[in-house]
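Trainee: Please find one structure pasted underneath; my questions will follow.
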Ligand SMILES: Cc1cc2nc3c(=O)[nH]c(=O)nc-3n(C[C@H](O)[C@H](O)[C@H](O)COP(=O)(O)O)c2cc1C
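Numbering (my numbering), first residue to last: 785 to 999.
Below is the structure:
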């Protein structure tokens, strides 16, 4: 992890109170660009964003977020959505992955791999939402890197928002990301000690000059 990224990941806190200072267009563009660069399964890039910064838009978002929490004072809220039909472009994307050697030559129509085995591409709603979450994580860290505070807001009436923006059926709201200048500085929230499920002996064996394989 680069030092900047590590710093941002360590400094990030969920911020639920913001000053009235606006987020600039340049900052929003840089945040969206970080989201655009995120990896996605089969490079389907399903993430779509509505940037709410006008008083009217922010009022709609606040109301959908039940008038509580980060959306109450945030000067900018990203409505982060997944296009569940982004897999319509799968032919194009698979060809691209074939070209760079990710999949090995395969018959994309029959979905048979180069090794002749049946092959199932993992696509669909869950994968689109997962891809969207990765983009949002990128945007979150970029906003933090720019010195801004953020908060994911999943606790909101997305149906109300979808109606307001007249979203087509294939566009699903995944989360809101409230962004602004922090008016609070919370202490780090507790984390579990480790996310490692099964301890490997890699490090100690390396130190002993033994094999690096895990137990
Ligand atoms: C997917 C997701 C949904 C969340 N939804 C909400 C929410 O609806 N309202 C809220 O105030 N915080 C929400 N949060 C923020 C979490 O409560 C917060 O990340 C967690 O308590 C850890 O605190 P920290 O972000 O300051 O480290 C959400 C975070 C994530 C990742």
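Backbone N, C-alpha and C fix where the C-beta goes; we use that ideal spot for every residue, glycine too.
#1: Going by the DSSP bridge assignment, what does residue 798 pair with across the sheet?
#2: Could you spell out where the beta strand (DSSP E) holding residue 963 opens and where it closes?
#3: With a CB to CB cut of under 7 Å and the five nearest residues on each side skipped, what residues in its chain are close to residue 926?
#4: Who's in the neighbourhood of ligand 1, going by beta-carbon under 5 Å from any heavy atom, listed in chain order?
#5: Using C-beta distances below 7 Å, list every residue in its chain close to residue 788, excluding the 5 sequence neighbours before and after it, in chain order.
#6: In whole angstroms, give me the CA-to-CA distance for residue 931 and residue 974.
#7: Applying the criterion that 16 or more other CB atoms from any shown protein chain within 10 Å of the CB defines a buried residue, is residue 901 buried or exposed?
#8: Does residue 840 pass the burial test, meaning 16 or more other C-beta atoms within 10 Å, or should it be called exposed?
#9: Secondary structure at residue 877, three-state DSSP: helix, strand or coil?
#10: Roughly how far, in whole angstroms, is the beta-carbon of residue 864 from the beta-carbon of residue 836, given that I think they are within contact range, below 8 Å?
#11: Give a yes or no on whether the C-beta atoms belonging to residue 935 and residue 858 are separated by under 9 Å.
#12: Mark residue 1010 as exposed unless 16 or more other C-beta atoms lie within 10 angstroms of its C-beta, in which case mark it buried.
#13: Residue range of the beta strand (DSSP E) that residue 866 falls in?
#14: Let me know if residue 803 comes out buried or exposed under the rule of 16 or more other beta-carbons within 10 Å of its beta-carbon.
#15: Within the same chain, show all residues whose beta-carbon is closer than 6 Å to that of residue 798, passing over the 5 residues directly before and after it, in chain order.
#16: Quick one: residues in its chain with C-beta nearer than 6 Å to the C-beta of residue 967, no 5 flanking neighbours on either side, listed in chain order?
#17: Decide if residue 855 is buried, meaning its Cβ has at least 16 other Cβ atoms within 10 Å, or exposed.
#18: Using three-state DSSP, classify residue 832 as helix, strand or coil.
#19: Which residues bound the alpha helix (DSSP H) around residue 948?
Mentor: Straight from the coordinates:
#1: 934
#2: 955-964
#3: 814, 815 and 818
#4: 797, 798, 853, 936, 937, 938, 939 and 973
#5: 929
#6: 22 Å
#7: exposed
#8: exposed
#9: helix
#10: So it is not a contact: roughly 11 Å between Cβ atoms.
#11: yes
#12: A question about residue 1010 goes unanswered here, because the residues of the chain that appear run from 785 up to 999.
#13: 860-867
#14: exposed
#15: 935
#16: 801, 802 and 803
#17: buried
#18: strand
#19: 942-948
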